[in-house]
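Have a look at the structure below before the remarks.
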Amino acid sequence: MSRHVTNSPGPGDSASLGRPVVLTGQIESYLSHISVERGLSANTTAAYRRDLVRYETFCRDAGLTDATQIDSALVGNFASSLMRPGSAGASSQPLASTSASRIVSAVRGFHRFMLTENITATDAAHEVKPQVPSRRLPKALSVDQVLGMLDAPPTDTAVGLRDRALLEFLYATGARISEVLALDLDDLDRQADMVVVRGKGGKQRLVPVGRFALAALDAYLVRSRPELLAGAVTGSSTPALFLNQRGRRLSRQSAWLIIRAAAKTSGIAMPVSPHALRHSFATHLLDGGADVRVVQELLGHASVATTQIYTMVTVDRLREVYVTAHPRALS
79 MSRHVTNSPG
89 PGDSASLGRP
99 VVLTGQIESY
109 LSHISVERGL
119 SANTTAAYRR
129 DLVRYETFCR
139 DAGLTDATQI
149 DSALVGNFAS
159 SLMRPGSAGA
169 SSQPLASTSA
179 SRIVSAVRGF
189 HRFMLTENIT
199 ATDAAHEVKP
209 QVPSRRLPKA
219 LSVDQVLGML
229 DAPPTDTAVG
239 LRDRALLEFL
249 YATGARISEV
259 LALDLDDLDR
269 QADMVVVRGK
279 GGKQRLVPVG
289 RFALAALDAY
299 LVRSRPELLA
309 GAVTGSSTPA
319 LFLNQRGRRL
329 SRQSAWLIIR
339 AAAKTSGIAM
349 PVSPHALRHS
359 FATHLLDGGA
369 DVRVVQELLG
379 HASVATTQIY
389 TMVTVDRLRE
399 VYVTAHPRAL
409 S
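To convert, count from 1 in the sequence shown and add 78; that's the numbering used here.
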């Protein structure tokens, strides 16, 4: 048991450089399995890779040279290490419970795979349970805040028209930023005013697009996208709906900067993430009386329980209005 080091160097620590890899081959096999056989998206597979590389580094720093040397004590030590300061770097804070839980879940799935493939004789992670994260309510913007963001980009430049179309589209559909950036021109059905969105696990859903978003898209497609496409390398083209200034598909990082700039311009003080418009979409629908299962379908949630988190936000809003408006609420 002496090999189980509970205060191992972090994944980026120079002390771990030059030491033998432990699980690289098994990790690659597992990533191929979840990508091909389970149909997980490229983003999800990349997240699994980061989590499992962190785990491999911990095993290596603990002195292991083979997957068969891993036991439940080491996996438990790894899970505990995630909640200590320095787990994400020498001066970092402990990971959030949601991040730690996700990493432990990835490790558990990895060990089940190794057992199934007869790489190991036992499942060393079977007894290690991911920490149940505290439920954090999604932060939705008010309707006025959203409208301020949508009006922030200028309409006299190609980039401004693109940015406005992107923001309108995100709020109109409630789609994830990765889903919107993956859209091609052919995914738009202008006859039905719908869009085909490809969600997690390759699942497709049809989502209606409102008239304000359609108007912004039309302005972008007619007056902006051709100009952006002209910036591409000669002879190259792309079916991507949203383009950058080099005529290529807009990246997630660029979209995040667009959202942040719009929030700043509109005077929103709190940090606004790419998911903020999705949260606002769901919350505003429920505030308007939409059925939770319809919202579930629009968001592409596999379980209605995920969507019901948003109902808690609206209940909090009802309570706030009641307390401030009813003359005897505080009696």
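Glycine included, every Cβ here is placed at the ideal spot set by N, Cα and C. Since this is a predicted model, take the numbers as computed values, not measurements.
Reduced DSSP category for Pro172 - H, G, I as helix; E, B as strand; rest coil
coil
Give me, in chain order, the residues of the same chain whose beta-carbon lies closer than 7 Å to that of Tyr126; leave out the 5 immediate sequence neighbours on both sides.
Leu109, Ile112, Ala184
Taking only the alpha-carbon atoms, compute the straight-line gap between Arg276 and Ile337 and give it to the nearest angstrom.
22 Å
Candidates Thr385, Gly378, Gln209, Leu225: which alpha carbon is nearest Val370's?
Thr385
Hey, how far is the Cα of Arg330 from the Cα of Leu321?
Going by the C-alpha atoms only, they are around 11 Å apart.
Can you tell me whether Asp241 is buried or exposed? The criterion is at least 16 other CB atoms within 10 Å of its CB, across all chains shown.
buried
Give every residue of the same chain whose Cβ lies closer than 7 Å to the Cβ of Val221, excluding the five residues on either side of it in the sequence, and list them in chain order.
Answer for Val221: His362, listed in chain order.
Can you find the residues in the same chain that come closer than 6 Å, C-beta to C-beta, to Ala226, ignoring five residues on each side of it along the sequence?
Residue 226 is actually Gly in this sequence, not Ala. If we look at Gly226 and ignore the five residues flanking it on each side, its Cβ neighbours are Ser344.
Just mark Gly325 as buried or exposed, buried being the case when its beta carbon has 16 or more other beta carbons within 10 Å.
Buried, because 16 or more other Cβ atoms sit within 10 Å of the Cβ of Gly325.
Expressed to the nearest angstrom, what Euclidean distance is found between the alpha-carbon atoms of Ala380 and Arg132?
Rounded to whole angstroms, the gap between the alpha carbons of Ala380 and Arg132 is 28 Å.
In whole angstroms, what separates the C-alpha of Ala218 from that of Ala253?
15 Å
For Asp262, write down the residues that DSSP places opposite it in a beta bridge.
Ala318
Tell me which residues share the same chain as Thr146 and place their Cβ nearer than 7 Å to its Cβ, disregarding the 5 neighbours each side in the sequence.
Thr198
Option nearest Ser175 by Cα separation, candidates Ser158, Asn121, Gln282, Phe191:
Ser158
Cutoff 6 Å; reference Leu412; Cβ partners in own chain excluding five residues on either side:
This structure does not reach residue 412, given that the chain is present from 79 up to 409, and the question cannot be answered.
Straight-line Cα distance separating Asp271 from Val350
28 Å
Would you kindly work out how many angstroms separate the C-alpha atoms of Arg162 and Gln209, rounded to a whole number?
Taking the CA atoms as reference points, Arg162 sits about 14 Å from Gln209.
Is the Cβ-Cβ distance between Leu160 and Ala178 less than 8 Å?
yes
If we count the other Cβ atoms within 10 Å of its Cβ and call it buried at 16 or more, is Ala347 buried or exposed?
Flag for Ala347 reads exposed.
Where DSSP assigns a beta bridge to Arg327, which residues make up the other side?
When beta bridges are read from the DSSP output, Arg327 appears opposite Leu321.
For Asp129 and Arg301, what's the separation of their Cα atoms in angstroms?
Going by C-alpha positions, Asp129 is about 43 Å away from Arg301.
Under the three-state DSSP convention, the category Asp267 falls into
Of the three classes helix, strand and coil, the one that applies to Asp267 here is strand, per DSSP.
When DSSP labels each residue in this structure, what does Gln282 get in the three-state scheme?
Reduced to three states, the DSSP call for Gln282 is strand.
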